[in-house]
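Written below as structure tokens is the structure these notes are about.
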Amino acid sequence: MANEQIIVRREAEEEHDDHHGGGWKVAYADFMTAMMAFFLMLWILNASDREKLEGIARYFTPTLSYASGGGPDLLDGQTLEASGSLVGGSTSEERQAAIPTFGQERPLAIFDSRLRYEAEPEVIVEFGTEEAAPGATEGTAMPGAASAEPAAQVASGAAAAQADDAAAAALDRAEADIAAGLAELAADSDLAGHLQVARTPEGLEMQIVDLESGSMFEIGSATIGDSTRELLRIVGDAVAGMPNKVIISGHTDARQYSGRGGYGNWELSVERANATRRTLIENGLAPDRIARVSGLADTDPLNPDDPQAPENRRISVLLVK
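In my numbering, the protein residues as written are 66 to 386.
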């Protein structure tokens, strides 16, 4: 018994994590929820424009007191309510309305609008000449502004119509004076036929033309004869007292004329127009009323069907309307 051997047997024990429970899952879920909320907030801030960010900031930090006006004196910019409390320039209703309500009606509207695809808005461009009335602000219509523009347009149109009527009346007077001057030449019918008067889009055009029966200028010369001078006197008397500008142009036929030193139809038409200018000034036309003197040679025939017709040789005096 004393010599009995003691045997100690060791058995392997299985490891058990009895101290681990389900509490870590709750903590982990809270952590992930906080991280999701944090990144969602970052995304919202990045997706929102400045105006919406300001609205969010005002919503979470509303200002309950406002100050408007102000000055160096006592109570400047402040009023007394019925309760006796001082308020800074605004009523209770205004202060109540000043508290922002951004997002209270539809809190997810801002996020929903960011998630939806929105097509490009249709752009409609309107062209007009109307301008905003002085003193009008955006979104505010000034009394009478709607009727001011049409009234101004009507007045402008009436003024333009009066100016057109006055110009037409002036041309009528000039045409009547020329007709009266030609009536004095009734005995010499051939001479009266050399002066042609017509209305054009530019004004009243008076042309002294050559006819088969006679020429207003000597052949190849810019010298003005007595007959041409008499017709220019009638034209000068009709236009001398008017303020309209005068344009003088000389014309020739297509018959080629060549003088010494390359003198041709261009030089001849210019010299005849310039001689007409001097004669009109002698008959009372103010020099500063002459807008242009030009020679067109045979480039603008009166009778294009017959480039060598005598009526293509002419002097044109245009009374600009």
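In this text, a Cβ means the ideal position worked out from N, Cα and C, and glycines have one as well. Just so we're clear, the structure is a prediction, and the values are computed from it rather than from any experiment.
Locate the beta strand (DSSP E) running through S292, then write down its first and last residues. The residue labelled residue 292 in the question sits at position 227 within the sequence shown. Counting along the chain, S292 falls outside any beta strand (DSSP E), though it belongs to the alpha helix (DSSP H) covering D291 to V304.
Helix, strand or coil for A356, going by three-state DSSP, please let me know. Reading the sequence shown from its first residue, position 291 is the one you call residue 356. Three-state DSSP puts A356 in a strand.
With H, G and I counted as helix, E and B as strand and the rest as coil, what does DSSP make of M25? A query on residue 25 cannot be resolved here, the shown segment of the chain reaching from 66 to 386 and no further.
Which of helix, strand or coil DSSP assigns to E270: Stepping through the sequence shown from its first residue, residue 270 is reached at position 205. In the structure shown, E270 sits in a strand (DSSP, three-state: E or B).
Using beta carbons (cut-off 7 Å, strictly below), is D237 in contact with chain D? The chain labelled as chain D is not found in the depicted structure, where only one protein chain is given.
Here's a check: name, in chain order, each residue in its chain whose Cβ is nearer than 6 Å to the Cβ of G87, leaving out the five neighbours to either side. Numbered from its first residue, the sequence shown carries residue 87 at position 22. Closer than 6 Å at the Cβ level, and outside the excluded window around G87, lies no residue.
In this structure, what does DSSP give as the bridge partners for S314? For the purposes of this step, residue 314 is identified with residue 249 of the sequence shown, where counting begins at 1. In DSSP, S314 forms a bridge with S359 and S381.
Using only CA atoms, which one of D229, I313 and R264 lies nearest to E240? Looking up residue 240 in the sequence shown gives position 175. Residue R264 is the option with its Cα nearest to E240.
Taking just the CA atoms, how far does Y93 sit from M101? Against the sequence shown, residue 101 aligns to sequence position 36. Against the sequence shown, residue 93 aligns to sequence position 28. Taking the straight line joining both Cα atoms gives about 12 Å.
Exposed or buried, Q272, counting other C-beta atoms within 10 Å across all chains shown (16 or more means buried)? If you number the sequence shown from 1, residue 272 lands on position 207. So Q272 counts as buried.
Take the Cβ of M281 as the centre, count every other Cβ of all protein chains shown within 10 Å, and call the residue buried at 16 or more, exposed below. Here the question's residue 281 lines up with position 216 in the sequence shown. Classification of M281: buried, given that the 10 Å Cβ count is 16 or more.
Beta-bridge partners of P91, as assigned by DSSP: Counted from its first residue, the sequence shown places residue 91 at position 26. A small fix is needed here, since residue 91 is Val in this sequence, not Pro. As far as DSSP is concerned, V91 takes part in no beta bridge.
How many angstroms separate the CA atom of D255 from the CA atom of T293? Along the sequence shown, read from residue 1 onward, the residue named residue 255 stands at position 190. Along the sequence shown, read from residue 1 onward, the residue named residue 293 stands at position 228. The alpha-carbon atoms of D255 and T293 are separated by roughly 12 Å.
For N348 and A287, believed in contact at Cβ under 8 Å, the rounded distance: Position 222 of the sequence shown, counted from the first residue, corresponds to residue 287. Position 283 of the sequence shown, counted from the first residue, corresponds to residue 348. Contact doesn't hold; Cβ gap of about 18 Å is too wide.
Could you pull out every residue in the same chain whose Cβ sits closer than 7 Å to the Cβ of K310, ignoring the five residues on either side in sequence? For the purposes of this step, residue 310 is taken as residue 245 along the sequence shown, with counting starting at 1. Excluding sequence neighbours, K310 sits near R354, A356 and V385.
Please return the same chain residues whose Cβ sits closer than 7 Å to the Cβ of R298, not counting the five positions on each side in sequence. On the sequence shown, position 233 is the one that residue 298 refers to. So the list reads N348, once near-sequence residues are dropped.
In angstroms, rounded to a whole number, what distance separates the CA positions of A351 and D275? As a working note, residue 351 is residue 286 in the sequence shown. As a working note, residue 275 is residue 210 in the sequence shown. Roughly 27 Å separates the two Cα atoms.
Taking the C-alpha atoms as reference points, what is the distance between E332 and D291? To locate residue 332, count along the sequence shown from 1; it is residue 267. To locate residue 291, count along the sequence shown from 1; it is residue 226. Cα-Cα distance, rounded: 22 Å.
Can you tell me which of T317, G301 and E295 puts its alpha carbon nearest to the alpha carbon of V382? In the sequence shown, counting from the first residue as 1, residue 382 sits at position 317. Cα-wise, what sits closest to V382 is G301.
What are the boundary residues of the beta strand (DSSP E) that R262 is part of? In the sequence shown, residue 262 corresponds to position 197, counting from 1. Contrary to the premise, residue 262 reads as Val rather than Arg in this sequence. L260 to T265 is the span of the beta strand (DSSP E), which, as asked, contains V262.
Select from S323, E267, G246 and I121 the residue whose C-alpha is nearest the C-alpha of N295. What you label residue 295 is simply residue 230 of the sequence shown in a count that begins at 1. Checking the sequence, you will find Glu at residue 295 rather than Asn. Of S323, E267, G246 and I121, the residue nearest in Cα terms is G246.
Please work out which residues of its chain come closer than 7 Å, Cβ to Cβ, to S278, disregarding the five sequence neighbours upstream and downstream, and give them in chain order. What you label residue 278 is simply residue 213 of the sequence shown in a count that begins at 1. Closer than 7 Å at Cβ, skipping near neighbours: D255.
Whose C-beta lies closer than 6 Å to the C-beta of I313 among residues of the same chain, with five residues either side of it excluded? Indexing the sequence shown from 1 puts residue 313 at position 248. Excluding sequence neighbours, I313 sits near A338, T341, R342, V358 and V382.
Nearest residue (CA-CA) to P369, options Q227, I109, E283 and H316: As a position in the sequence shown, residue 369 is number 304, starting the count at 1. Closest option to P369, Cα to Cα, is H316.
Taking buried to mean at least 16 other C-beta atoms within 10 Å of its own C-beta, is D237 buried or exposed? Numbered from 1 along the sequence shown, position 172 holds the residue referred to as residue 237. Counting Cβ neighbours within 10 Å, D237 comes out exposed, since fewer than 16 surround it.
To which residues does DSSP link G279 through a beta bridge? By 1-based counting over the sequence shown, the position of residue 279 is 214. Answer by DSSP bridge pairing, in chain order: L276.
Looking at the structure shown, is A197 part of a helix, part of a strand, or coil, going by DSSP? Numbered from 1 along the sequence shown, position 132 holds the residue referred to as residue 197. Unreliable placement is indicated for A197, whose pLDDT of 46 sits below 50; the coordinate value is still reported in the next sentence. A197: coil per DSSP, three-state reduction.
Between S323 and G285, what straight-line distance do the alpha-carbon atoms span, to the nearest angstrom? Position 258 of the sequence shown, counted from the start, is the residue given in the question as residue 323. Position 220 of the sequence shown, counted from the start, is the residue given in the question as residue 285. Answer to the nearest angstrom: the Cα atoms are 9 Å apart.
Does G324 come out as helix, strand or coil in the three-state DSSP assignment? In the sequence shown, residue 324 corresponds to position 259, counting from 1. Coil.
So D464 packs on A303, CB below 8 Å; how close in whole Å? This structure gives no information on residue 464, because the portion of the chain shown stretches from 66 to 386.
Between which two residues does the alpha helix (DSSP H) harbouring E119 extend? As a position in the sequence shown, residue 119 is number 54, starting the count at 1. Run containing E119: R115 to F125, per the alpha helix (DSSP H) assignment.
Counting C-beta neighbours from all protein chains within 10 Å, is the total for N330 16 or more, i.e. buried, or is it exposed? Residue 330 sits at position 265 when you count from the first residue of the sequence shown. Result: buried.
Between N377 and L361, is the Cβ-Cβ spacing less than 7 Å? Position 312 of the sequence shown holds residue 377. Position 296 of the sequence shown holds residue 361. With a cutoff of 7 Å on beta-carbon distance, N377 and L361 are scored as not near each other.
Take P372 and list the residues in its own chain whose beta-carbon comes closer than 6 Å to its own, dropping the five residues that flank it on each side. Here residue 372 refers to the residue found at position 307 of the sequence shown. In the same chain as P372, and ignoring 5 residues on each side of it, the C-beta atoms closer than 6 Å to its own belong to A319 and P366, in chain order.
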